[in-house]
Structures are given as structure tokens and as C-alpha cells.
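Here is the structure we will look at, set down as C-alpha cells.
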Amino acid sequence: MEHRGSPGGPERATADFATVSTRRDFISTTATAGGALLTGLAFAGCRPPVAGVRGDPRAGRRQIGTLRFEEEGTAPTDAPFGAELDGRLFTDLSSLTPETSVIPTERFYIRTRASRLIDLRRPWSIRIGTQSQLETLSVKDLLRRSDPQGLHLMECAGNTRDAHFGMMGAAEWAGVPLNGILAKFRSRNPKSRILVSGFDKYKSASATSVQGCGWVFSAEEISSSGAFIATGMNGRPLTPDHGGPIRLFVPGWYGCACVKWIDKILFVKDDSDATSEMQEYASRTEQTGVPRLARDYEPAVVDPAAMPIRVEKWQSGSGIEYRVSGLHWGGVQPAMDWEIRFAADERYVPVQEVRQRDRGSWGFWTHRWRPRTPGRYTIRLRVATPTVRTRRLDVGFYSRTVDVIEV
Ligand SMILES: Nc1nc2c(c(=O)[nH]1)N[C@H]1C(S)=C(S)[C@@H](COP(=O)(O)O)O[C@H]1N2
Ligand SMILES: [Mo]
Numbered sequence: 011m012e013h014r015g016s017p018g019g020p021e022r023a024t025a026d027f028a029t030v031s032t033r034r035d036f037i038s039t040t041a042t043a044g045g046a047l048l049t050g051l052a053f054a055g056c057r058p059p060v061a062g063v064r065g066d067p068r069a070g071r072r073q074i075g076t077l078r079f080e081e082e083g084t085a086p087t088d089a090p091f092g093a094e095l096d097g098r099l100f101t102d103l104s105s106l107t108p109e110t111s112v113i114p115t116e117r118f119y120i121r122t123r124a125s126r127l128i129d130l131r132r133p134w135s136i137r138i139g140t141q142s143q144l145e146t147l148s149v150k151d152l153l154r155r156s157d158p159q160g161l162h163l164m165e166c167a168g169n170t171r172d173a174h175f176g177m178m179g180a181a182e183w184a185g186v187p188l189n190g191i192l193a194k195f196r197s198r199n200p201k202s203r204i205l206v207s208g209f210d211k212y213k214s215a216s217a218t219s220v221q222g223c224g225w226v227f228s229a230e231e232i233s234s235s236g237a238f239i240a241t242g243m244n245g246r247p248l249t250p251d252h253g254g255p256i257r258l259f260v261p262g263w264y265g266c267a268c269v270k271w272i273d274k275i276l277f278v279k280d281d282s283d284a285t286s287e288m289q290e291y292a293s294r295t296e297q298t299g300v301p302r303l304a305r306d307y308e309p310a311v312v313d314p315a316a317m318p319i320r321v322e323k324w325q326s327g328s329g330i331e332y333r334v335s336g337l338h339w340g341g342v343q344p345a346m347d348w349e350i351r352f353a354a355d356e357r358y359v360p361v362q363e364v365r366q367r368d369r370g371s372w373g374f375w376t377h378r379w380r381p382r383t384p385g386r387y388t389i390r391l392r393v394a395t396p397t398v399r400t401r402r403l404d405v406g407f408y409s410r411t412v413d414v415i416e417v
């Protein structure tokens, strides 16, 4: 069996999902409502095309269906559910095309919804400096200094199969580089680390998450990643659920470092402790064990990764064929030499078409596939160059399974 959870630890998002009882009730109701339909589909192993008939019927080519990914649960997508620490939105990535690389804000994944205790009508500000000498940085000031920061992808380290891997998205961000903001403080504190923390108190207790959100960075991590305080997303101010009025964004890092509702930036000692959130996410950010000190944490970066998002069934001139589309993302340098295989006993072959991508975003790939026999197939990708570090792909984290009825 392929590895299904996060490397080295339990899957928090999965656990969250299963333990929120109101949530589960909602899901089973929807599942029942669509029950007959679902059973029918399971029998056919196939859904009708997403939007009408595609292809060229006269040439005998047309899309006749889309395969469902098996063993992925029934989580709702594209709408927020739950509240506060247990609130989520899972994005449906299955209809993405190369032309739609930006996820609209209302469908962008959410991990933790705005607290009921947060008062966003009051002017927001950050306390910044050392414990003994704090200054105030107002949102008004940040908005005035805000610039476009480009297209960037964010992925939750707890992205999960049960959410169809929909805890990931790319958006156009605006904000102010953190490095510049820190410059005048740093000269006074050359060796210190930087603790960025956000409002994280909630009215209701969470089933699984620990309250308190903060991440400790070295000055080098902040400058080399290009971290910025985000003030806007897709041309609008940040919404409350996405951390409005201000959040941290760390290009190339997992979302857990992208602290929402920032209220404090503190210079701390080089040997200061890791935050509870860093410890909570240690296994999902590929740390060795749970280091006590912040300086013993590896940067929480996303390695190159790729997965299928859609398997279309086509009638072609010479029979049935399948067209597999997917995404590739992660890594400082985008990997382009992707290979794919459809079963553990098959060889990897080069992906037929891999589109270039922006450094910090995702790209699209497609591959035509003619399975030899009907059956269950597990699709998995890898980078051909063996020296490229791909920790999640190495354990089959993003592999996805389909049932082929007709070949
Ligand atoms: N204050 C606060 N910031 C937070 C979190 C949180 O629970 N509280 N969750 C983090 C995690 S785990 C992720 S993946 C991202 C998700 O950001 P999004 O909800 O805008 O997609 O926010 C991060 N920032
Ligand atoms: Mo996350």
C-alpha cells in the first residue's frame, strides 16, 4: 500500500475533518442526498464531462467522461465550513486549466477561519521591536507602502488526500517586504531572530488544533525568501478569513509560516524556543523529531511536487484513451523533467507535455494514457534527476488512484 498520511506523523487536517461532529453530520446528509447518484457513478466508474461535450465529434474525437479519484472521502469543496480553528475551505482543483492559474479569493483554501473574538473594526497595528522597546506600526502606514508582490502559491503543510489535496492555491499578492521593515531594528540587534505572531485566540475550543500562531525566522530566511507582509490578495484587501487586514507571506514556504492577523514582530535571542505552532507542524515540515530551539528548524520549504488533478476519458478515432492533467509546483528552481507511472510494476515514462511555470507558482502538465487492461491504477510522478530533493513524492504523498472500466 502507498503511504497515505504526512511523512512521519498523523495528518492533522484529516483528523480535524473527522472529529468535527457538526461537520460530519453535514457531510453525511449531502452524501445521502447524492447517494443514489454516487452509487450510479461508482458503478459506471465515470462522471459525465464537466462542461458539455468537448473535442471534435466529426473526427470521432470527443470527451465522454471524467474518472473519479478513489479513496479520497467526501469532503465538500469550494465553500467554507465550520468556524474558527476548525473552519476550512477546500479548493476544488479538478477544473483548473493552464489559462486559470489564479484561484479567486472566494474559492482560495482556508485553514482556520477568522476568530469570533477578533475586532476588525478597530484600527489594526503591529507591535514591533524588542520586548523592552516596542514601537507601533499601523496598517494605514503599511497600506500606503504596499506594492504588488506577484503570483505566489501557498500550500498547507497539512494538505491532504481527504480534501482532494485542495489546501493549496495561487493568488496575486500585494504587500510590503518584511526585510525593509526590519532594517532599522536589525542594526541594533544583529544576532537576533525574528518572531512573527498573529492573533490566535478563539471563542470555541478546537477539536485538534492548539491556539497560538507564530513562527521564528532567521534574518537570512526572511531576506532570501522575500517574505512580505501581505495587505491584499487578487487586487482586493485581504478578507478576514485570509488574515485581513494583514498577514505574513513567505514565498516557497508552507502556509503554516504565513501567520495571519499579525499583531507582533519581536526580536528574540538566537537560542529562543520554537513556538508551539512550529512544534505542532514539525513532522509536516519535515523536521527531524520536534526540535526545542527555533534555530534547529529547517526552513519549512515546499519541495518540487506534482499530482494529477483530472483524468478525462476520450473517444478517439482508434478507441478509448485517457488524458491525464495535473499540476507541478514547489522547489526554488522549477523542475521540468517530470516522469509518470500508472502502477507500481510499470516503468516511469516522461510526461508528454509540461508547461513552464513562474518560479513561485504552479504549472500545468498533460499526458495521454492507454491502459492495457481495466482495473485500479495509482498515478504517481517523480523528477527524473535523482539529486533533486522531493521528500513528499518519495513517499507517494500525492499519488492518486482511479478505476478504469473500459480500455
Ligand atoms: N493566526 C493564524 N495564522 C495562521 C493560521 C492560524 O491557525 N492562525 N494557520 C496557518 C496555516 S496552517 C496555513 S496553511 C495558512 C492558511 O492561510 P489561508 O487560510 O489564507 O489559506 O495560514 C497560517 N496562518
Ligand atoms: Mo497549514
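Following this note's numbering, the numbering of the sequence shown begins with 11 at its first residue and continues without gaps.
Glycine included, every Cβ here is placed at the ideal spot set by N, Cα and C.
Distance cut-off 8 Å: residue i Cβ against heavy atoms of ligand 1
i    : result
R137 : no
L95  : yes
M177 : yes
V311 : no
Y307 : no
D413 : no
M346 : no
M288 : no
K150 : no
W271 : yes
H162 : no
G262 : no
R257 : yes
G385 : no
G185 : no
G208 : yes
F100 : no
H252 : yes
Y358 : no
F91  : no
S234 : no
F227 : no
Inter-residue Cα distance where the pair is residue i and residue j
i    : j    : result
F374 : I204 : 36 Å
W333 : F407 : Here residue 333 is Arg; the residue named in the question, Trp, does not match the sequence. Their backbone Cα atoms lie some 22 Å apart in a straight line.
G176 : I319 : 10 Å
H338 : Y264 : 15 Å
S328 : R378 : 13 Å
M317 : I74  : 22 Å
T241 : V269 : 13 Å
G160 : E182 : 5 Å
D347 : T388 : 20 Å
K279 : L144 : 16 Å
I232 : I272 : 15 Å
L258 : G70  : 51 Å
K150 : T397 : 46 Å
V112 : T285 : 32 Å
R351 : G341 : 21 Å
A345 : G97  : 33 Å
R131 : D313 : 39 Å
D281 : N199 : 14 Å
V417 : G83  : 26 Å
S207 : V311 : 19 Å
H1   : Q325 : The question about residue 1 has no answer, for the chain in this structure spans 11 to 417.
Q297 : Y307 : 7 Å
T411 : S104 : 14 Å
S38  : A85  : With a pLDDT of 31 at S38, under the threshold of 50, the predicted position of this residue should be treated as unreliable, and no value is reported.
R155 : G185 : 8 Å
P158 : M178 : 21 Å
L248 : I138 : 21 Å
E349 : E109 : 23 Å
D413 : A353 : 12 Å
R117 : L276 : 33 Å
Y358 : W372 : 22 Å
P133 : L153 : 12 Å
Per DSSP, the bridge partner or partners of residue i
i    : result
C223 : G208
T397 : In DSSP, T397 forms no bridge with anything.
I389 : R410
R203 : V278
- Within the structure, which residues are defined as neighbours of ligand 2 by a Cβ-heavy atom distance below 6 Å, reported in chain order? Sorted by chain position, residues whose beta-carbon lies closer than 6 Å to a non-hydrogen atom of ligand 2 are R121, C166, A167, G168, G265, C266.
**Prompt:** If you scan the segment 238-295 from start to end, which runs of the alpha helix (DSSP H) of 4 or more residues do you find wholly inside it?
**Reply:** Taking only runs of at least 4 residues, the alpha helix (DSSP H) segments lying wholly in the segment 238-295 are 286-290.
If we require 3 or more residues per run, which beta strand (DSSP E) segments fall completely within the segment 304-377?
Restricted to the segment 304-377, the beta strand (DSSP E) segments that are unbroken, complete and at least 3 residues in length are 315-326, 329-339, 348-351, listed in chain order.
Quick check on the DSSP output: what are the complete beta strand (DSSP E) runs of length 3 or more inside the segment 63-144, in order along the chain? Scanning the segment 63-144 from its first residue to its last, the whole beta strand (DSSP E) runs of 3-plus residues come out as 71-77, 135-140.
Would you list, in sequence order, the uninterrupted beta strand (DSSP E) runs of no fewer than 3 residues that lie entirely inside the segment 144-193? Secondary structure remark: continuous beta strand (DSSP E) runs of at least 3 residues inside the segment 144-193, in chain order: 157-165, 178-187.
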